[in-house]
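Engineer:
Numbering (the working numbering), first residue to last: 155 to 696.
(1) What residue ranges within the region 553-617 form continuous alpha helix (DSSP H) runs of no fewer than 4 residues, ordered along the chain?
(2) Over the uninterrupted alpha helix (DSSP H) stretch that includes residue 550, give me the two end residues.
(3) Residue 474: which of 302, 274, 213 and 670 sits nearest, CA to CA?
(4) Determine the direct distance from the alpha carbon of residue 362 to that of residue 393, and round the result to whole angstroms.
(5) In chain order, what residues of the same chain have a beta carbon less than 7 Å from the beta carbon of residue 347, not counting five sequence neighbours either side?
(6) Kindly list the residues whose CB is nearer than 6 Å to the CB of residue 228, restricted to its own chain and excluding five residues on each side of it in sequence; keep chain order.
(7) Alpha carbon to alpha carbon, what distance is there between residue 242 and residue 170?
(8) Would you report the Cα separation of residue 505 and residue 654, rounded to the nearest angstrom?
(9) With distances taken between CB atoms, is the gap from residue 202 to residue 251 smaller than 8 Å?
(10) Under a Cβ-count criterion, where at least 16 other Cβ atoms within 10 Å of its own Cβ denotes burial, should residue 597 be classed as buried or exposed?
(11) Is residue 440 buried or exposed, if buried means 16 or more other CB atoms sit within 10 Å of its CB?
(12) Are residue 669 and residue 493 touching if we call contact CB-CB under 8 Å?
(13) Measure the Cβ-Cβ separation of residue 483 and residue 536 and say whether it is below 8 Å.
(14) Does the contact criterion of 3 or more C-beta pairs under 8 Å hold for the region 204-218 versus the region 245-263?
(15) For residue 290, count neighbouring C-beta atoms within 10 Å of its own C-beta (all shown protein chains included) and say buried if the count is 16 or more, exposed if not.
(16) Between which residues of its own chain and residue 160 is the CB-CB distance below 6 Å, once the five residues before and five after are set aside?
(17) So, with DSSP's three-state summary, where would you put residue 386?
(18) My output table needs one value for residue 103: the three-state DSSP class, helix, strand or coil.
(19) Answer with buried or exposed for residue 705, where buried requires no fewer than 16 other C-beta atoms within 10 angstroms of its C-beta.
(20) Give every residue of the same chain whose Cβ lies closer than 6 Å to the Cβ of residue 640, excluding the five residues on either side of it in the sequence, and list them in chain order.
(21) Taking 8 Å as the cut-off, decide whether the C-beta atoms of residue 456 and residue 617 are in contact.
(22) Rounded to the nearest angstrom, how far is the Cβ of residue 230 from that of residue 268, given a contact under 8 Å?
(23) Report the start-end ranges of each beta strand (DSSP E) in the region 494-533 that is 3 residues or longer and not cut off at the edges.
(24) Assuming contact is defined by CB atoms lying nearer than 8 Å, are residue 399 and residue 357 in contact in what I supplied?
(25) Jot down the residue ranges of each uninterrupted alpha helix (DSSP H) in the region 362-419, minimum 4 residues, whole runs only, in chain order.
(26) Closer than 6 Å by C-beta to residue 521: which residues in its own chain qualify, once you throw out the five before and the five after it? Chain order, please.
(27) Tell me whether residue 629 sits in a helix, a strand or coil according to DSSP, three-state version.
(28) Nearest CA to the CA of residue 546: which residue from 593, 500, 283 and 378?
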C-alpha cells in the first residue's frame with residue numbers, strides 16, 4: 155500500500171472536483187428558494203464555474219512548470235478550500251458566485267493539470283496505467299455519486315454541508331502533503347506568457363460562453379438573448395469571436411516559439427498523433443457522459459417525478475460499474491493495447507445508448523433502466539482507464555503540466571459541449587414533436603392550435619405535465635382540450651428525450667474516427683514519451 159499513498163491524495167482531489175458540480179446541479183431548486191432568486195440566476199452561477207475552469211486550465215498547466223507541480227497542487231487546494239468555505243457561508247447569491255464559480259473554479263484550474271502531471275511522475279510502467287484507471291473511475295464516481303449525495307443532503311439537511319465537508323477533506327489532504335514527492339527540476343524555470351494567457355483565457359471563455367448559452371439564446375433564431383445581432387441570436391457571433399481570439403493566440407504562440415521565448419503552450423505538441431487523438435477522445439468522452447447526465451435526470455425528475463435522492467439512486471449503477479471497469483481495464487489494456495480497449499469502450503457505449511433508448515417510456519422499468527445505466531458505466535470506465543495514460547505517455551517529463559492543461563481543457567470543453575449541444579437538441583426535438591402532436595390531435599380546435607403555436611414561438615421549456623395542465627387551464631382552455639394539450643406535451647417529452655439520447659449515440663459512433671492514431675502496441679513496451687510519433691501505431695504507451 156505504501157506506493158499507492160500518493161494516489162489516495164491525488165484521486166481524492168479528482169473526486170472532489172467532479173463531485174462539486176454534480177452536487178450543485180441537483181441543488182438548484184433549493185438554492186433558488188434559499189437565495190430568493192430565479193432558476194436562470196443559479197444556472198448562470200453554474201455556467202460561470204465552467205467558464206472560469208475552461209478559461210484558466212491552460213494557464214494552470216503552465217504555472218505548474220513555473221512554480222512546481224507539487225507546490226501548485228497544494229496551493230490550488232488551499233484556493234479551492236477557501237472558495238468552498240465562502241460557498242458554505244454565502245449569505246447572497248453573489249457571494250455564492252464569487253466563492254463557487256470564481257474562487258473554486260480558479261482552484262480547480264490549478265489543481266487538475268498538476269494532478270495529471272503528478273500521477274505520471276509518481277508511477278511508472280504498469281502502475282501508471284492502474285493509477286490512471288483509478289483516476290478515471292473516481293471521476294465517473296463523482297459524477298454519479300454527486301446526485302445521490304447532494305440529493306440526500308439537500309433533501310434532509312442542507313446543501314451547505316457538502317461544501318463545509320469539502321473544506322474538512324482538503325485540510326486532511328494538506329496534512330498528507332509528504333505523501334507526494336516531486337522530482338528535482340532539470341531545466342530552467344520558464345516565464346509566464348502574459349499575452350498568451352490573456353488571449354487563451356479570452357478565446358476559450360468566449361467560445362465556451364457561446365456554447366453554454368446556446369440553449370437559452372438559440373443558435374440562429376433568437377430565443378431569449380440579452381441582445382441580437384442583425385436580428386440573429388448572438389450565439390454564433392460569440393463563438394466566432396472566441397475562435398478569432400484563439401486564432402490570434404495560435405499566431406502569437408508560434409511567434410514566441412520562433413523567437414525562442416517561452417510560449418504558454420508548445421503548439422508542436424498537438425502534432426503528435428497519439429496525443430491529438432487522445433485529447434479528441436477525452437473531449438468525446440465528456441461530451442457523451444455529460445450529455446447523458448443532462449438528459450437522464452430530466453427524464454427521472456420531470457417525467458417520472460422522482461426527487462433528487464431517488465434520482466441519485468437510479469444513477470448509482472453508473473458509478474459502480476465505471477469504477478470497476480476502470481480498475482479492471484487498466485490491467486487488461488496492457489495486454490491488448492489502448493486502441494482496442496477504446497474501440498471496445500465505444501462499441502459498449504453504442505449498445506448502452508440503444509438499450510437506454512428502449513427504456514424511455516411513460517412508466518420506468520427499473521430493472522431495464524439499471525441495466526442500461528450499468529452498461530453506460532462499463533463503456534465510460536473502459537474509456538477512462540486508457541485516455542489519461544495515453545495523453546500523459548505522449549509527453550516528456552518536462553511537458554507533463556502543459557499536457558495536463560491541454561487534457562483538462564479538452565475535458566471541460568467536452569463537458570460544456572455535452573450540456574449545451576444535447577440540451578439544444580432536446581429542446582428542438584421537444585418543440586418539433588409538440589407542434590406535430592398538437593397539429594394531429596383531433597380533440598383540439600383550430601383556435602387552440604393557433605394559440606399553442608404562438609406560445610411555442612416565445613420558447614419552450616422542459617417542464618412537468620402538471621405545469622402544462624395548469625398553464626392550459628389558466629389560458630382558459632376547456633378541460634377536454636387542456637387534457638389533450640397535456641397529453642401531446644407528454645408524448646413530445648419522450649420524443650425529445652429519445653432524440654437527445656440518440657444524438658449521444660451518433661457522437662459515440664463518430665468518435666471511432668479519432669481512434670486510428672491511438673497507440674496500438676501493448677502498454678508494457680518501452681515508452682518513448684515526448685518523442686515525435688512517426689506513425690499511427692507507434693504512439694508511446696505504458
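The beta-carbon is built from N, C-alpha and C at its ideal position, and this holds for glycine as well.
Structural biologist: Considering the structure as presented:
(1) 554-594 and 600-611
(2) Counting from one through the chain shown, the residue named residue 550 turns up at place 396. Segment: none, residue 550 is in no alpha helix (DSSP H) and carries neither H nor E.
(3) Here the question's residue 474 lines up with position 320 in the chain shown. Out of 302, 274, 213 and 670, 302 has the C-alpha closest to the C-alpha of residue 474.
(4) Here the question's residue 393 lines up with position 239 in the chain shown. Here the question's residue 362 lines up with position 208 in the chain shown. One C-alpha to the other measures close to 7 Å.
(5) Taking the chain shown and counting its residues from 1, one reaches residue 347 at position 193. Excluding sequence neighbours, residue 347 sits near 410, 416, 417 and 418.
(6) In the chain shown, counting from the first residue as 1, residue 228 sits at position 74. Here the set comprises 331.
(7) Against the chain shown, residue 170 aligns to sequence position 16. Against the chain shown, residue 242 aligns to sequence position 88. Looking at the two C-alpha atoms, the distance is approximately 15 Å.
(8) Along the chain shown, one-based indexing puts residue 505 at 351. Along the chain shown, one-based indexing puts residue 654 at 500. If I take the Cα positions, the gap works out to 16 Å.
(9) Numbered from its first residue, the chain shown carries residue 202 at position 48. Numbered from its first residue, the chain shown carries residue 251 at position 97. Closer than 8 Å, so yes.
(10) Taking the chain shown and counting its residues from 1, the one referred to as residue 597 is at position 443. Per the 10 Å Cβ criterion, exposed.
(11) In the chain shown, residue 440 corresponds to position 286, counting from 1. The residue in question, residue 440, is buried, as its Cβ has 16 or more Cβ neighbours within 10 Å.
(12) As a first step, residue 669 is located in the chain shown; it is residue number 515 there, counting from the start. As a first step, residue 493 is located in the chain shown; it is residue number 339 there, counting from the start. Result yes, Cβ atoms of residue 669 and residue 493 sit closer than 8 Å.
(13) As a first step, residue 483 is located in the chain shown; it is residue number 329 there, counting from the start. As a first step, residue 536 is located in the chain shown; it is residue number 382 there, counting from the start. Against a cut-off of 8 Å, the Cβ pair of residue 536 and residue 483 comes out as a contact.
(14) yes
(15) For this step, residue 290 is matched to residue 136 along the chain shown. With 16 or more other Cβ atoms within 10 Å, it is buried.
(16) Taking the chain shown and counting its residues from 1, the one referred to as residue 160 is at position 6. So the list reads 276, 333 and 334, once near-sequence residues are dropped.
(17) Locating residue 386 in the chain shown gives position 232, where the first residue counts as 1. Looking at residue 386 - three-state DSSP - the assignment turns out to be strand.
(18) There is simply no residue 103 to check, as the chain begins at 155 and stops at 696 in what is shown.
(19) Only positions 155 to 696 of the chain appear in this structure, which leaves residue 705 out of reach.
(20) As a position in the chain shown, residue 640 is number 486, starting the count at 1. Taken in chain order, the residues that qualify are 619, 622 and 623.
(21) In the chain shown, the residue the question calls residue 456 occupies position 302. In the chain shown, the residue the question calls residue 617 occupies position 463. In contact: residue 456 and residue 617 (Cβ atoms closer than 8 Å).
(22) Taking the chain shown and counting its residues from 1, the one referred to as residue 230 is at position 76. Taking the chain shown and counting its residues from 1, the one referred to as residue 268 is at position 114. Yes, residue 230 and residue 268 are in contact; Cβ-Cβ is about 7 Å, under 8 Å.
(23) Runs of the beta strand (DSSP E) lying entirely within the region 494-533, each at least 3 residues long, are absent.
(24) Stepping through the chain shown from its first residue, residue 399 is reached at position 245. Stepping through the chain shown from its first residue, residue 357 is reached at position 203. Cβ distance < 8 Å, so residue 399 and residue 357 count as in contact.
(25) 368-371 and 389-413
(26) Within the chain shown, residue 521 is the residue found at index 367, counting from 1. Counting only Cβ-Cβ distances below 6 Å, and skipping sequence neighbours, we find nothing.
(27) Translated into the one-based positions of the chain shown, residue 629 becomes position 475. Reduced to three states, the DSSP call for residue 629 is coil.
(28) Translated into positions along the chain shown, residue 546 becomes position 392. The candidate whose alpha carbon is nearest that of residue 546 is 283.
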